[in-house]
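Since the structure comes first, as structure tokens, the remarks are kept for the end.
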Amino acid sequence: MNFKVFFNICGTFHLLLAALLLLPLFWCFYFEINEQLGFWFIISSLLMVAVGLLFRRIGKGAPSVLMPRDALGIVTYTWIALAITGALPYRVSGAVPNFADAFFESVSGFTTTGSTILNDIESLPKALHLWRTLTHWIGGLGVVVLFVSIFPSLGVGGKSLFKMEVPGPITESVTPKIKDTSRNLWYTYLGLTLLETALLRTLGKMSWFDALTHSFSTMATGGFSTKNASITAFNSPTIEWIVLIFMFLAGANFGLYYLLSKWQWRVVYKDAELRFYLTLTLISAGLIALMLWMGGYQLDQKDLALLQSQGLPLKTIDQLEKLKDQRFHKKETFTDSINQATEGSLSENLKTIVVTQADRNYSVHHAVRSALFQVIALITTTGFASDDYERYPVSGHLIIFYLLFTGGCAGSTAGGLKLFRVVLIGKTLFHEIQMSFRPSLISKIRVGNTVISNDLFRPVLAFVGVYFSFVTFGALFLGIEGHDMLTALTASMTAVGNVGPGFGTVGPTESFAHFSVEAKYVLATLMLLGRLEFFTVLGVLHHKFWVR
Numbered sequence: 218m219n220f221k222v223f224f225n226i227c228g229t230f231h232l233l234l235a236a237l238l239l240l241p242l243f244w245c246f247y248f249e250i251n252e253q254l255g256f257w258f259i260i261s262s263l264l265m266v267a268v269g270l271l272f273r274r275i276g277k278g279a280p281s282v283l284m285p286r287d288a289l290g291i292v293t294y295t296w297i298a299l300a301i302t303g304a305l306p307y308r309v310s311g312a313v314p315n316f317a318d319a320f321f322e323s324v325s326g327f328t329t330t331g332s333t334i335l336n337d338i339e340s341l342p343k344a345l346h347l348w349r350t351l352t353h354w355i356g357g358l359g360v361v362v363l364f365v366s367i368f369p370s371l372g373v374g375g376k377s378l379f380k381m382e383v384p385g386p387i388t389e390s391v392t393p394k395i396k397d398t399s400r401n402l403w404y405t406y407l408g409l410t411l412l413e414t415a416l417l418r419t420l421g422k423m424s425w426f427d428a429l430t431h432s433f434s435t436m437a438t439g440g441f442s443t444k445n446a447s448i449t450a451f452n453s454p455t456i457e458w459i460v461l462i463f464m465f466l467a468g469a470n471f472g473l474y475y476l477l478s479k480w481q482w483r484v485v486y487k488d489a490e491l492r493f494y495l496t497l498t499l500i501s502a503g504l505i506a507l508m509l510w511m512g513g514y515q516l517d518q519k520d521l522a523l524l525q526s527q528g529l530p531l532k533t534i535d536q537l538e539k540l541k542d543q544r545f546h547k548k549e550t551f552t553d554s555i556n557q558a559t560e561g562s563l564s565e566n567l568k569t570i571v572v573t574q575a576d577r578n579y580s581v582h583h584a585v586r587s588a589l590f591q592v593i594a595l596i597t598t599t600g601f602a603s604d605d606y607e608r609y610p611v612s613g614h615l616i617i618f619y620l621l622f623t624g625g626c627a628g629s630t631a632g633g634l635k636l637f638r639v640v641l642i643g644k645t646l647f648h649e650i651q652m653s654f655r656p657s658l659i660s661k662i663r664v665g666n667t668v669i670s671n672d673l674f675r676p677v678l679a680f681v682g683v684y685f686s687f688v689t690f691g692a693l694f695l696g697i698e699g700h701d702m703l704t705a706l707t708a709s710m711t712a713v714g715n716v717g718p719g720f721g722t723v724g725p726t727e728s729f730a731h732f733s734v735e736a737k738y739v740l741a742t743l744m745l746l747g748r749l750e751f752f753t754v755l756g757v758l759h760h761k762f763w764v765r
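Pasting the structure below:
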């Protein structure tokens, strides 16, 4: 690696980070009048300026040619620097008690994971809310892609940087020049963000601040909200519809929007990945909506805990445990079961509380909206919540569990495996099944009109293997720390896939605050590895990377 090139470009990156840190200042001094917080943003920015100027001085006279090995080191360093820089406002302002928590929150922001260590999100100053969601928005397409679009002089080296940061197995340029590709992606990204902001403000009746911050999170498929209860806090079907539509748009390949702008509708319509994305979303949401609409009465562990907090005796709670997770479609049948389980000892008032708590009846509109919102939030790895999916039927849990893996389309801001890889693996399995009874068959694996060569299939297979290896490692680490299996597995899955919420103690209504310092650093590392899709970082860690 050419260290002069490395320090020269990374120095410029630090100056860009310094500029990003100044963006919340306007809110600090003009709207919120929080001079102390503004002071810490200025200090953090000046620190980045100092580091940037130092790096630029060290890299003075660097050659203009950027080799792939240089790009590998630069992208890896940039994301580590992003994580540390993003943590500074949380820590130095005192909003987050220790650096491990601040680092976790920063990494979760920039990688668009959306997991949080904050239990009382609404207590944050608005400038920090703006910074949290801004880290999402910058990390969505990637600060490196932004850098390439601003500094086109990188040329061929810019293409290497672009390919190593844009998520997904296919990162061809949508225009002949990489700088034009980067700019088109950012123009599309910015345009959709502004459109969603306007709709949330005008139709959803959000404040401009909430509309902007939630648009940042939506288009980045991140999930940070200004409210403890996420989207649920607004209690607005209109807002939920707007957000779920834009989450879906953010989970599609951004290159397709460029083709749409050129009126190439037919190419977009025939895109195999987009078709699978739409089909998977509708089928998953349809099945869950049907389960919710069928509804009925069901007590789960969260209901029992809530009932106990409302004053029901422990003996009564133990008796109601017999009904846990059983589903009743008639109120009368459920009431009879309560009488039988508690031997008629429950008063009519307490019985009303139990029945009300166990009521899982959804109207058709509510069931469809809730199912679509949760499915799109998870398949795009956004992680917003408009409902507690842990209270869905067990069969709904299984669907959601598999959605935690899939991710959105290649070239989107979503995390996960990416649907292109899922489609490719599915077609390969189908091909191998055919070969088992037709060994003389000569056929090629296609995704749409693209013939899949070994050069493309090999890295996909390697990626899937590495992906599940790191999920397993994270789950084992958290299991050794004493967390239950469901929490350990889904926390690791959502970190590697940049999803956000999981199951157990990391469900949609929980936070990651209860994890140890070591676990937070491990999960933050998994987030970074997942966002950069492993090989960028693993390449730098390989001993031969440092040998000329």
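For what it's worth, our numbering labels the leading residue of the sequence shown as 218, then goes sequentially. Where is the CB? At the ideal position from N, CA and C, for every residue including glycine. This one's a predicted model, so the numbers in the text were calculated from it and none came from an experiment.
Is it the case that the Cβ atoms of residue i and residue j are separated by a distance below 8 Å?
| i | j | result |
| --- | --- | --- |
| Ala-502 | Ala-428 | no |
| Ser-603 | Ile-448 | yes |
| Tyr-294 | Cys-227 | yes |
| Gly-472 | Gly-628 | yes |
| Glu-607 | Lys-541 | no |
| Asp-701 | Gly-721 | yes |
| Phe-465 | Thr-597 | yes |
| Thr-430 | Thr-350 | yes |
| Gly-643 | Leu-636 | no |
| Ala-235 | Gly-356 | no |
| Thr-599 | Gly-747 | no |
| Gln-536 | Thr-559 | yes |
| Phe-256 | Pro-241 | no |
| Leu-179 | Val-292 | What the structure shows of the chain is the stretch from 218 to 765, and residue 179 is not part of that stretch, so it cannot be assessed. |
Which class does residue i belong to by DSSP, given the choice of helix, strand or coil?
| i | result |
| --- | --- |
| Ala-235 | helix |
| Phe-786 | This structure leaves residue 786 out entirely; the chain is present only between 218 and 765. |
| Asp-488 | coil |
| Leu-294 | The amino acid at residue 294 is misidentified as Leu; the sequence shows Tyr. Here Tyr-294 sits in helix by DSSP. |
| Gln-536 | helix |
| Met-508 | helix |
| Ser-629 | coil |
| Pro-314 | coil |
| Tyr-474 | helix |
| Gly-747 | helix |
| Phe-441 | coil |
| Glu-727 | coil |
| Ser-261 | helix |
| Trp-763 | helix |
| Ser-323 | helix |
| Leu-371 | Since pLDDT at Leu-371 reaches only 48, below the 50 mark, its modelled position is unreliable, and the value read off the structure follows with that caveat. Looking at Leu-371 - three-state DSSP - the assignment turns out to be helix. |
| Asn-336 | coil |
| Glu-698 | coil |
| Thr-183 | The requested residue 183 is not part of the displayed model; the chain covers only 218 to 765. |
Along the alpha helix (DSSP H) that carries residue i, what are the first and last residues, could you check?
| i | result |
| --- | --- |
| Met-702 | 702-713 |
| Trp-244 | Looking at the DSSP string, Trp-244 is not in any alpha helix (DSSP H), and its letter there is neither H nor E. |
| Val-754 | 752-758 |
| Gln-481 | Segment: none, Gln-481 is in no alpha helix (DSSP H) and carries neither H nor E. |
| Asp-553 | 548-558 |
| Lys-644 | 636-654 |
| Thr-455 | 454-467 |
| Arg-586 | 581-596 |
| Ile-617 | 611-623 |
| Thr-599 | Element bounds for Thr-599: n/a, residue is neither H nor E. |
| Asp-427 | 425-436 |
| Ala-344 | 343-358 |
Can you check DSSP and say which residues form a bridge with residue i?
| i | result |
| --- | --- |
| Arg-663 | Val-668 |
| Leu-516 | Lys-541 |
| Asp-576 | Tyr-514 |
Quick check on residue i: buried or exposed, where buried means 16 or more other Cβ atoms within 10 Å of its Cβ?
| i | result |
| --- | --- |
| His-231 | buried |
| Met-710 | buried |
| Asp-337 | exposed |
| Val-754 | buried |
| Phe-220 | exposed |
| Gln-481 | exposed |
| His-346 | buried |
| Thr-419 | exposed |
| Gly-714 | buried |
| Gln-527 | exposed |
| Leu-358 | buried |
| Trp-348 | buried |
| Ala-267 | exposed |
| Met-265 | buried |
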